[in-house]
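A quick write-up on the structure given underneath.
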Amino acid sequence: MPTTLQALRERITASGMDIDRNMLLNVWTELDYR
């Protein structure tokens, strides 16, 4: 159990950049439509 949070942090750190870029792109596209 103690390694669950650690593993989650590692996953977020590993794929964080791609997710952040996609999220930012989606947010900007939504703002452009409005």
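When we follow this note's numbering, the leftmost residue of the sequence shown carries the number 8, and every step to the right adds one.
In this text, a Cβ means the ideal position worked out from N, Cα and C, and glycines have one as well.
Can you look up residue 41 in the DSSP assignment and give me helix, strand or coil? In the sequence shown, residue 41 corresponds to position 34, counting from 1. Shown here, residue 41 sits in coil according to DSSP, grouped into three states, outside any helix or strand.
Using only the alpha-carbon positions, how far apart do residue 16 and residue 26 sit? For the purposes of this step, residue 16 is taken as residue 9 along the sequence shown, with counting starting at 1. For the purposes of this step, residue 26 is taken as residue 19 along the sequence shown, with counting starting at 1. Approximately 14 angstroms, taken between the alpha carbons.
Return the CA-CA distance between residue 35 and residue 19, expressed in angstroms with no decimal places. The sequence position of residue 35 within the sequence shown is 28, counting from 1. The sequence position of residue 19 within the sequence shown is 12, counting from 1. Going by the C-alpha atoms only, they are around 22 angstroms apart.
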